[in-house]
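Undergrad:
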Amino acid sequence: MRRRQNRQHIAPTQNLDSFLDILTNTVGVLMFVSLFVSLVAVQSATIVRTPLVSTTQKTPQFFEVRGNKVVYIDREAATTQVNKFTESLATCEKPIAPDELNSISLQDYTYQLQRYKECIEYKAEQVKSFRAKTSHYEVQIELEPLGLVYKPLEETAGESTKELILADSEFQRVIKKLDPEKDYLAFIVRPDSFEAFRRTRELALKDGFNVGWEPMNATTQISFSSEGRKVGVQ
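Residue 71 is where the sequence shown starts when you use our numbering, and the numbers rise one by one after that.
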């Protein structure tokens with residue numbers, strides 16, 4: 071008589087390789103999420119360090135002085151466009167890990183993680199390709215280091231010191247909208263434009279504005295980073 075054998079039922083093993091790969095990739099993606107969340111702060115963060123400065127609660131209004139011409143850096147227009155862009159981005163729903171892992175729940179969770187990763191990566195590409203435009207600059211989001219970079223649309227843009235004093239000049243139109251009690255003028259000055267800066271500073275002081283300035287070499291891009299940028303009052 072044949073001896074009856076008891077068979078052991080072994081649960082099918084689950085291949086976790088793909089699951090672990092996705093988790094690994096997601097760690098990197100989530101780092102971008104943290105950066106992207108900080109992006110909102112970039113829009114208003116503006117700090118440039120200069121010697122002999124005094125603290126102030128006033129709001130800096132930035133101008134670039136290059137080629138002995140003064141160019142207004144319209145951060146408000148750029149911020150409005152960046153805000154509108156960020157609001158238009160899709161929401162990526164982060165999946166919640168199941169309480170119990172089995173072949174079905176693991177497969178579903180892996181699928182959701184992959185979709186979440188793809189959503190974040192697509193959002194990152196949108197951020198990289200985004201461009202805002204002001205009257206004189208193209209503005210793009212830089213992820214490393216996190217900030218907004220202003221690139222001139224035209225190298226010859228701006229107003230000369232003779233044009234600044236005209237009643238209909240952009241400089242005059244801008245400062246008429248400002249309040250010397252709440253705003254001060256901050257100038258980013260290129261090496262070829264100190265004479266134009268000195269003349270513009272005289273006009274600003276005459277109109278009751280505090281003035282700050284930051285020297286910047288000819289090839290450095292103007293960037294407002296999440297760490298801040300502030301031209302102090304001098």
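Glycine is no exception: its CB is placed at the ideal position from the N, C-alpha and C atoms.
Using the rule of at least 16 other Cβ atoms within 10 Å of the residue's Cβ for burial, across every protein chain shown, is E290 buried or exposed?
TA: For the purposes of this step, residue 290 is identified with residue 220 of the sequence shown, where counting begins at 1. First, the amino acid is wrong: residue 290 is Thr here, not Glu. The residue is exposed, with fewer than 16 neighbouring Cβ atoms inside 10 Å.
Undergrad: Please report how far the alpha carbon of V140 lies from the alpha carbon of L159, in whole angstroms.
TA: Residue mapping note: residue 140 aligns to position 70 of the sequence shown, counting from 1. Residue mapping note: residue 159 aligns to position 89 of the sequence shown, counting from 1. Between V140 and L159, the C-alpha separation is close to 35 Å.
Undergrad: What number of angstroms, rounded off, separates the C-alpha of A194 from the C-alpha of V152?
TA: Taking the first residue of the sequence shown as 1, we reach residue 194 at position 124. Taking the first residue of the sequence shown as 1, we reach residue 152 at position 82. Going from the Cα of A194 to the Cα of V152 covers about 14 Å.
Undergrad: Compute the Euclidean distance between the alpha carbons of E208 and R145, then round it to the nearest angstrom.
TA: Taking the sequence shown and counting its residues from 1, the one referred to as residue 208 is at position 138. Taking the sequence shown and counting its residues from 1, the one referred to as residue 145 is at position 75. Using only the alpha carbons, I get a separation of about 11 Å.
Undergrad: Assuming F294 and F133 make a contact with CB atoms under 8 Å, what is their CB distance in whole Å?
TA: Along the sequence shown, read from residue 1 onward, the residue named residue 294 stands at position 224. Along the sequence shown, read from residue 1 onward, the residue named residue 133 stands at position 63. Between F294 and F133 the beta-carbon gap is near 14 Å, outside 8 Å, which marks them as no contact.
Undergrad: Are at least three pairs of beta-carbons, each pair with one atom in the segment 279–286 and one in the segment 258–271, less than 8 Å apart?
TA: Contact between the segment 279–286 and the segment 258–271 is established, with three or more Cβ pairs separated by less than 8 Å.
Undergrad: Quick one: is T126 buried, meaning 16 or more other Cβ sit within 10 Å of its Cβ, or exposed?
TA: The residue you call residue 126 lines up with position 56 of the sequence shown. With fewer than 16 other Cβ atoms within 10 Å, it is exposed.
Undergrad: Under a three-way DSSP split, which group does I245 fall into?
TA: The residue given as residue 245 occupies position 175 in the sequence shown. Note: I245 maps to helix in three-state DSSP.
Undergrad: Please specify which runs of the beta strand (DSSP E), each continuous and at least 3 residues long, are wholly inside the segment 147–228, giving them in chain order.
TA: 201–203, 207–213, 216–222
Undergrad: For a quick check, are the C-beta atoms of T231 and R269 less than 7 Å apart?
TA: Along the sequence shown, read from residue 1 onward, the residue named residue 231 stands at position 161. Along the sequence shown, read from residue 1 onward, the residue named residue 269 stands at position 199. Yes, these two residues count as a Cβ contact at 7 Å.
Undergrad: Helix, strand or coil for L275, going by three-state DSSP, please let me know.
TA: Residue numbering aside, residue 275 sits at position 205 when the sequence shown is read from its first letter. Correct three-state label for L275: helix.
Undergrad: For Q196, collect the residues of the same chain with a Cβ closer than 6 Å to its Cβ; drop the 5 residues on either side in sequence, then sort them by chain order.
TA: Here residue 196 is taken as the residue at index 126 of the sequence shown, counted from 1. For Q196, where only same-chain residues beyond five positions count, there are no Cβ hits under 6 Å.
Undergrad: Let me know the secondary structure DSSP gives R268 once reduced to three states.
TA: Your numbering for residue 268 matches position 198 in the sequence shown. In this structure, R268 counts as helix in the three-state DSSP scheme.
Undergrad: So what does DSSP say about L234, is it helix, strand or coil?
TA: As a working note, residue 234 is residue 164 in the sequence shown. In this structure, DSSP gives L234 a helical state, which the three-state scheme calls helix.
Undergrad: Roughly how many angstroms lie between the CA atoms of K154 and Y179, to the nearest whole one?
TA: The residue given as residue 154 occupies position 84 in the sequence shown. The residue given as residue 179 occupies position 109 in the sequence shown. Cα to Cα, K154 sits roughly 32 Å from Y179.
Undergrad: For a test of the three-state rule: what should DSSP assign to F260, helix, strand or coil?
TA: Within the sequence shown, numbered from 1, the residue matching residue 260 stands at position 190. For the record, residue 260 in the displayed sequence is Arg; it is not Phe. Under the three-state reduction of DSSP output, R260 falls in the coil class, being neither helix nor strand.
Undergrad: Return yes when the Cβ of N138 is within less than 7 Å of the Cβ of I266, no when it is not.
TA: The residue labelled residue 266 in the question sits at position 196 within the sequence shown. The residue labelled residue 138 in the question sits at position 68 within the sequence shown. What sits at residue 266 in the sequence shown is Ala, not Ile. Going by C-beta atoms, A266 is nearer than 7 Å to N138.
Undergrad: Rank I292, V244, G282 by C-alpha distance to the C-alpha of P215 and give the top, closest one.
TA: Position 145 of the sequence shown, counting from 1, holds the residue named residue 215. Closest by alpha carbon: I292.
Undergrad: Candidates K164, D238, N280: which alpha carbon is nearest Q184's?
TA: Against the sequence shown, residue 184 aligns to sequence position 114. Of K164, D238, N280, the residue nearest in Cα terms is K164.
Undergrad: Quick check on the burial criterion: 16 or more other C-beta atoms within 10 angstroms. Buried or exposed for N172?
TA: Here residue 172 corresponds to residue number 102 of the sequence shown, with the count starting at 1. Exposed: under 16 other Cβ atoms inside 10 Å.
Undergrad: State the beta-bridge partners of G282 as determined by DSSP.
TA: For the purposes of this step, residue 282 is taken as residue 212 along the sequence shown, with counting starting at 1. Paired residue(s): A256.
Undergrad: Measuring alpha carbon to alpha carbon, tell me which of T204, H206, G228, K221 ends up nearest E212.
TA: Here the question's residue 212 lines up with position 142 in the sequence shown. If we check each option's Cα against that of E212, K221 comes out closest.
Undergrad: In whole angstroms, what is the alpha-carbon distance linking C162 and S199?
TA: Taking the first residue of the sequence shown as position 1, residue 162 is located at position 92. Taking the first residue of the sequence shown as position 1, residue 199 is located at position 129. Answer to the nearest angstrom: the Cα atoms are 19 Å apart.
Undergrad: Let me know the secondary structure DSSP gives E240 once reduced to three states.
TA: Translated into the one-based positions of the sequence shown, residue 240 becomes position 170. If DSSP states are grouped into helix, strand and coil, E240 belongs with the helices.
Undergrad: Under 7 Å Cβ to Cβ from S175, same chain only, skipping five residues before and after it: list those, please.
TA: To locate residue 175, count along the sequence shown from 1; it is residue 105. Once the five neighbours on either side are set aside, the close Cβ partners of S175 are P168.
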